[in-house]
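Reviewing the structure listed below.
Rendered as structure tokens:
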């Protein structure tokens, strides 16, 4: 019987991470580490952090992407997708052999990205990881960014589930919450 040293980790003190190299797959596969009969399925979350407007109640890492008059074309979409792919490539040794059951594209307001950008993201994921045949691919969407043709293009890219951010249909509450859409837009998005 061997004794395995436990390395306590305190997120507030980065020096405690020294014993747990996050990108070293051998750390996770060392004797005494969690042993499983087979690798568990994998869920992937991709964060696209930009919004039309930062909602006053939102605690997520999200940012207004531009000044008045800015359009989604002003987002650093390609550079960000390059960075997401590079991060995924670095993580492959840790997740190798696991099948992706779900992909969740959250934010921010991911529906600000172009359909081509979402298609590229999903293509990169498909090339690098095995996806289950029935993989659920969810994308968050703000009713204020909802256009039927745009969302048809997201579906053609592979998105098969939308999470539409409708907090209420009440106009006064929408204004109080600082939402960028009105009740009619929320209803239209839900339909």
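Numbering (the working numbering), first residue to last: 3 to 193.
The C-beta atom is built at its ideal place from N, Cα and C for all residues, glycine as well.
Count the other CB atoms within 10 Å of the CB of residue i; is the residue buried (16 or more) or exposed (fewer)?
i: residue 113; result: buried
i: residue 156; result: buried
i: residue 145; result: buried
i: residue 79; result: buried
i: residue 153; result: buried
i: residue 175; result: exposed
i: residue 45; result: exposed
i: residue 64; result: buried
i: residue 13; result: Because the pLDDT of residue 13 is 49, which lies under 50, any placement of that residue in the model is unreliable, and the number read from its coordinates should be weighed accordingly. Result: exposed.
Can you tell me which of the three DSSP states residue i falls into?
i: residue 164; result: strand
i: residue 177; result: helix
i: residue 59; result: coil
i: residue 13; result: Legend: pLDDT at residue 13 = 49, less than 50; position of this residue unreliable, no value from coordinates given.
i: residue 93; result: helix
i: residue 40; result: coil
i: residue 156; result: helix
i: residue 78; result: coil
i: residue 113; result: helix
May I ask you to list the residues that DSSP assigns as paired with residue i?
i: residue 47; result: 106
i: residue 139; result: 105
i: residue 52; result: 65
i: residue 133; result: 102
Residue j and residue i - do their beta-carbons sit closer together than 8 Å?
i: residue 116; j: residue 143; result: no
i: residue 120; j: residue 88; result: no
i: residue 102; j: residue 132; result: yes
i: residue 96; j: residue 127; result: no
i: residue 99; j: residue 49; result: no
i: residue 163; j: residue 140; result: yes
i: residue 130; j: residue 94; result: yes
i: residue 108; j: residue 47; result: yes
i: residue 53; j: residue 67; result: yes
With a threshold of 8 Å between beta carbons, is residue i in contact with chain D?
i: residue 110; result: Absent from the structure: chain D. Only one protein chain is present.
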